[in-house]
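A quick write-up on the structure given underneath.
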Amino acid sequence: MSYDEYFWKASILELKQGYYYNNMNKKFTCLICGKSFESGVIYPAENILYTAKKAVEAHVTETHGSMFDYLLNMGKVYTGLTEHQKELMSMFYKGFTDKEVVEMTEATNTSTIRNQRFAFREKYKQAKIIVAMTELLEEKRDSNRMDNLNVNENKKDNLIDIHRTATMIDDRYAITQSEKDEVLKRYFNIDGQLIIKTFPAKEKNKIIILQQLAKEFDQNKIYSEKEVNAIIKNYYDDISTIRRYLVQYGFLDRKTNGEGYWVKQ
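Numbering (this note's numbering), first residue to last: 84 to 348.
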């Protein structure tokens, strides 16, 4: 499982700290960029020696800033927050009083801010209930699969994970593992090359293909347009269409002048 796939399976604690520990390979891995630190190895940084755990903690803070800000800026499709609510949440996190928030915003009085604090607390309570019910649901599904013994067969109705930089989330992303497997088998040959002449119009097929092509890009590299084109050319002749879709669907980001592309994080 890649770190990007793990992001959606991470616990609340792991999301808050920004990394997870894999007991199989004994590595601490950043949830944002996937950089790993192996347990038992000492990592030097600016005359300081870090254990793997301390190194990944330092990496998350120094490279990505606070996890609060990262999660806050994931977008409304994931947080459900408007720009105004994000602004208020950020101010609350920084410790501003209700009176200070009123002075810094267009709020008319402190009761308005207090009501927003109350609304956030109620959302938090609702979210905890949803998390608990969803985890119970998943545990029940896992138990039923084990009872049926055919684990691989039952996994086919699992919904695939959505990339966390998706620009819009709707029923286009309601894709099961069996649907994904079928599309990959239909549109890619055994060497992993696209075997279509016209890019599919069906949104689900398009998303599955773009997810597959996006794996060819290094998370920690900035690409020139020529380099992006070279990667796409290995799969599909209509380079500009794929390049545009990769940006449009939130797999890649780019400079406004098109001179630099990178995996959107």
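Every residue, glycine too, gets a C-beta built ideally from N, C-alpha and C.
Please read these numbers as outputs of a predicted model, since none were measured by experiment.
A Cβ-Cβ distance of about 4 angstroms is found for the pair residue 250 and residue 333, placing them in contact under the 8 angstroms criterion. In the three-state reduction of the DSSP assignment, residue 128 falls in the strand class. Nearest in C-alpha terms to residue 303, of all of 89, 316, 348, 286, is 348. Between the region 97 to 114 and the region 139 to 149 there are three or more inter-stretch CB-CB distances shorter than 8 angstroms, so the stretches are counted as touching. Per DSSP, the beta-bridge partners of residue 113 are 102.
Each of 184, 324, 152, 95 was checked against the Cα of residue 211, and the nearest Cα belongs to 95. Distance from the Cα of residue 283 is smallest, within the candidate group 321, 342, 143, for 321. Secondary structure at residue 224: helix, using DSSP grouped into helix, strand and coil. If you keep only unbroken beta strand (DSSP E) runs of at least 3 residues inside the region 125 to 197, you get 126 to 128, 131 to 133. Here residue 207 is exposed, its C-beta having fewer than 16 other C-beta atoms within 10 Å. Put simply, of 314, 289, 290, 292 the residue whose alpha carbon is nearest the alpha carbon of residue 301 is 314. In this structure, residue 241 places its C-beta atom within 7 angstroms of the C-beta atom of residue 260. Scanning its chain for C-beta atoms nearer than 8 angstroms, with the 5 sequence neighbours on each side dropped, one finds around residue 290 the residues 255, 256, 258, 332, in chain order.
Boundaries for residue 323: no beta strand (DSSP E) harbours it, while the alpha helix (DSSP H) harbouring it runs 322 to 331, taken from the DSSP string.
Taken through DSSP and simplified to helix, strand or coil, residue 261 comes out as helix. Distance from the CA atom of residue 143 to the CA atom of residue 247, rounded to whole angstroms, is 18 angstroms. DSSP links residue 121 through a beta bridge to 110. Nearest Cα to residue 108 within the set 90, 93, 135: 135. Partner residues in the beta bridge of residue 344, as assigned by DSSP, are 306, 337.
In this structure residue 182 is in contact with residue 193, their Cβ atoms being roughly 6 angstroms apart against a cut-off of 8 angstroms. Contact between the region 267 to 283 and the region 214 to 222 is not established, with fewer than three Cβ pairs separated by less than 8 angstroms. The shortest CA-to-CA distance from residue 116 to any of 225, 294, 145, 319 is the one to 145.
In this structure, residue 185 sits away from residue 174, with a CB-CB distance that is not shorter than 7 angstroms. Less than 7 angstroms divides the Cβ of residue 318 from the Cβ of residue 277.
The beta carbon of residue 90 lies closer than 7 angstroms to those of 114, 247 in the same chain, with the five residues before and after it left out.
By the criterion of a C-beta distance shorter than 7 angstroms, residue 325 is surrounded in its chain by 296, 315, 319, once the five residues flanking it on both sides are discounted.
Residue 300 carries a coil assignment under DSSP once its states are collapsed to helix, strand and coil.
The residue among 279, 244, 198 with its C-alpha nearest the C-alpha of residue 263 is 244.
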